[in-house]
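Below is one structure, written out as structure tokens; the observations come after it.
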Amino acid sequence: MSGSPVVISASGNTALRVVSTLPDPEAGWRLVHHLARFVDEALVPGVVCVIPTYDAALVEIDPAEVSLERLADYLRRVVEELDHDRPLTERPRTFDVPVLYDTEGELDLAMVAAAQGIGIDEVIRLHSGPTYVVRCLGSPGGSPMLDGPAFPRPVPRLASPRAHVPQGVVSVAGRQATITPAAAPGGWPLIGRTPLTVLDLAAEPFVPYEPGDLIRFRAIGRDAYEALLGDRMAAR
Amino acid sequence: MTAGILRVLEAGSTQVTDLGRRRGPRFGVPVGGALDQRSARVANILVGNAESEPLLEVTALDLEFVCDIDVLIAVTGADAHVTVDGVGRPAGQPVSVRAGQTVALREIQGGLRAYVAVRGSFEVPRLLGSCAPDSVLGFGGRLDAGSTLPLRQATAPVFNDHFSAELYSLDVPRLPSGFVVDVTDGPDIDDFGDTSSRLFEQPYLVTPKSNHIGLRMTGPLPERLTAGEVLSRGVPVGAVEVPPGDELLVLHRGRGVTAGYPVLAVVTAGSLDVLAQVRPGQRLRFRRVSAADAAARARADLVELDALRSRVRSVFSALDALANATTGRTLL
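For the protein sequence lines, the chains are A and B, in the order given.
Mapping of the first sequence onto numbering that gives the first Met the number 0: position 56 corresponds to residue 55, and the numbering continues sequentially without gaps.
Mapping of the second sequence onto numbering that gives the first Met the number 0: position 316 corresponds to residue 315, and the numbering continues sequentially without gaps.
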């Protein structure tokens, strides 16, 4: 359909992938998240769940209840009505995240710096410089998915993923960055760790941020890390 | 709310689960839940529960438990030798168990996972509306010998005094036998060019690294012909991927919700239940089907389950009538 701000295609027999075609990635990101919220709140029959990410949303369906074609038509009409200029969050909260960067060679910081052709200090400067928008919540366990720092080039994923990545590590891959709230296997290079506890299973949702909130990283030393260890991540 | 206690005597590899955490994926949490959804639904239907009620998922190893109240249970999924106080009882049927009797599931075979539903279900913690375990978040988990589960409801036993012959035999739809796994084309099939057809050429061998997150298998690997880092995006349950290495990866319900690998094909909902029953060391074949055929199959499965639900309702009301009739044989 010409003029539609999205392309909708099947992702197997039980999901649709809705991808923004808007030239502005910010508008595309807002669009797919507005769509996800709308579909969630409207309780559309046959929709199992919606996973909005950066420029796309995956809509999982129960094929016994609705066909992919019918749902695609419906979503196209919904998208026409959505205002992709409207901010996702009226008042974004800012989370200050202290990071003990990997200057002692325990993790992958040196490897990341070498692959970029820049120094370790420069990697830290580029990573802790910007204020990041939480683009979406990803795996594992509600990881805040962020745009990557302004590195010269995309960061390659590890050739062999780690079987165990501890909670609290700060990592980068491709043009993305994140914090890992819960221990899990992972293939992203790790550049540091925060002493803060991100996950709180007694809260709902169990991570404190949501898409549209802001995250800032701040370099700290070993003493500050030890002093802050176990504190809950909270908005400033 | 608690009417009694189920006490685990021998836990094997058993966990409390349900049909999954539908609200999880948008928070970056996999949907999880019973890997063989159909068997889980059937177990709950057989005891008159809502299909989404918590039940036990028993993987490969023996389970033994005792309840301190009378209960009605049903065992489905992989074939298991079910006994109550040592007496063989049928799987795939509602079975009355008296307070203090020991229920055992042994020799699970012909599949990997069995399901045990109890009428009234259990009182268990939930996260985002589901009791399904999530190993990454550290929510829920395996039961141990000595674990207890609060039961919500006692069910007066229904027994036939004549040699304990079964009172009813419900026609329970079974999974197709043989490990044929239906897939539809994935969104990124073009990334694999002509090599995508390798998926259908020969059987794949399931390796021991397989689990609820995904099954890994060896066989002729399609090759990704494109390169470059892809932005993380939602990946459907059932996605067939070719990660670096020498194995094919098929994601199941425990999969991370976002990933950056291209998706070659997607397993149909019904065939995800087949995958849930495949053991490491077994071989399976992929079969390409259209999305329309997959949807028709899903609707037919739903009709079968609806029919079973109404048969169960008929049996329960007939038994109630027998038990209450003044001239009828007592069933207690």
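All C-beta atoms, glycine included, are put in the ideal place defined by N, C-alpha and C.
These numbers come from a predicted model, not from an experiment.
First through last residue of the beta strand (DSSP E) which encompasses residue i
i, result
"M216/B", "G213 to T217"
"F285/B", "R282 to R287"
"E9/B", "G3 to E9"
"L99/A", "T93 to Y100"
"V111/A", "Careful: V111/A lies outside any beta strand (DSSP E), inside the alpha helix (DSSP H) at L108 to Q115."
"R161/A", "R161 to V164"
"A268/B", "That residue, A268/B, is in no beta strand (DSSP E); its alpha helix (DSSP H) goes A268 to A275."
"P184/A", "A183 to G185"
"T243/A", "Because residue 243/A is not part of the residues shown, which for chain A are 0 to 235, the question remains open."
Which listed residue (the options) has its alpha carbon closest to that of residue i
i, options, result
"R296/B", "D181/B, V28/B and V234/B", "D181/B"
"E52/B", "R118/B, G3/B and S313/B", "R118/B"
"G23/B", "Q166/A, C48/A and T179/A", "C48/A"
"P143/A", "V123/B, R25/B, R88/B and S196/B", "R25/B"
"V241/B", "V86/B, Q36/B and A264/B", "A264/B"
"S270/B", "L55/B, H251/B and D170/B", "H251/B"
"A33/B", "G91/B, L55/B, A49/B and S12/B", "L55/B"
"R90/A", "A226/A, P210/A and A109/A", "P210/A"
"P207/B", "E246/B, P235/B, T82/B and S231/B", "E246/B"
Three-state class that DSSP yields for residue i in the structure shown
i, result
"Q36/B", "helix"
"G259/B", "coil"
"Y73/A", "helix"
"A9/A", "strand"
"G191/A", "strand"
"Y224/A", "helix"
"I219/A", "coil"
"T177/A", "strand"
"G110/B", "strand"
"V65/A", "coil"
"S316/B", "helix"
"S51/B", "coil"
"V169/A", "strand"
"E222/B", "coil"
"G327/B", "Residue confidence for G327/B is low, a pLDDT of 36 falling below 50, so the modelled location carries little weight; the figure read from the coordinates is stated next. Coil."
"M0/A", "Only weak support exists for where M0/A lies, its pLDDT of 43 falling under 50; the value from the coordinates is given anyway. Three-state result, M0/A: coil."
"A297/B", "helix"
"V265/B", "strand"
"E246/B", "coil"
"P51/A", "strand"
"T13/B", "strand"
"D193/B", "helix"
"E56/B", "strand"
"I72/B", "strand"
"E80/A", "helix"
"V41/B", "helix"
"R254/B", "coil"
Cβ of residue i within 8 Å of any chain B Cβ
i, result
"Q175/A", "yes"
"L189/A", "no"
"M0/A", "For M0/A, the predicted model reports a pLDDT of 43, less than 50, meaning its position is unreliable and no value from the coordinates is stated."
"P207/A", "no"
"M232/A", "no"
"E79/A", "no"
"L200/A", "yes"
7 Å Cβ cut-off: residues of chain B touching residue i
i, result
"A244/A", "Lying before the first or after the last residue shown, residue 244/A is absent from chain A, which here runs from 0 to 235."
"D54/A", "L230"
8 Å Cβ cut-off: residues of chain A touching residue i
i, result
"R298/B", "P62 and A63"
"R25/B", "A35, D39, C48, V49, I50, P51 and L136"
"S309/B", "Those within 8 Å of S309/B in chain A number zero; the least Cβ separation is about 17 Å."
"V262/B", "S10 and G11"
heavy atom of the ligand ADP below 7 Å from residue i C-beta
i, result
"S8/A", "This structure simply doesn't include the ligand ADP, nor any ligand for that matter."
Under 7 Å by beta carbon: chain A residues contacting residue i
i, result
"G255/B", "S138 and P139"
"L301/B", "A63"
"A290/B", "A9, N12 and L67"
Cutoff 8 Å: residue i Cβ touching any chain A Cβ
i, result
"A324/B", "Residue confidence is low: A324/B scores 45 on pLDDT, short of 50, so the model does not pin down where it sits. Its coordinate-derived value is still stated next. Answer no: the Cβ-Cβ gap between A324/B and chain A never drops below 8 Å."
"F138/B", "yes"
"A42/B", "no"
"A293/B", "yes"
"R223/B", "no"
"A268/B", "yes"
"V179/B", "no"
"T183/B", "yes"
"P279/B", "no"
"G31/B", "no"
"T329/B", "Per-residue confidence for T329/B stands at a pLDDT of 42, beneath the threshold of 50, marking its modelled position as unreliable; no derived number is given."
Residue i, enclosing alpha helix (DSSP H) - first and last residue
i, result
"F37/A", "P24 to A41"
"L125/A", "I119 to S127"
"A98/B", "Taken as a continuous stretch (DSSP letters only), A98/B belongs to no alpha helix (DSSP H), as it is neither H nor E."
Under 9 Å from the C-beta of residue i: neighbouring residues of chain A
i, result
"V265/B", "A9, S10, G11, N12, T13 and A14"
Give, in chain order, every residue of the region 1 to 24 of chain B whose Cβ lies closer than 8 Å to some Cβ of chain C.
Among the chains of the structure shown, chain C does not appear; the protein chains present are A and B.
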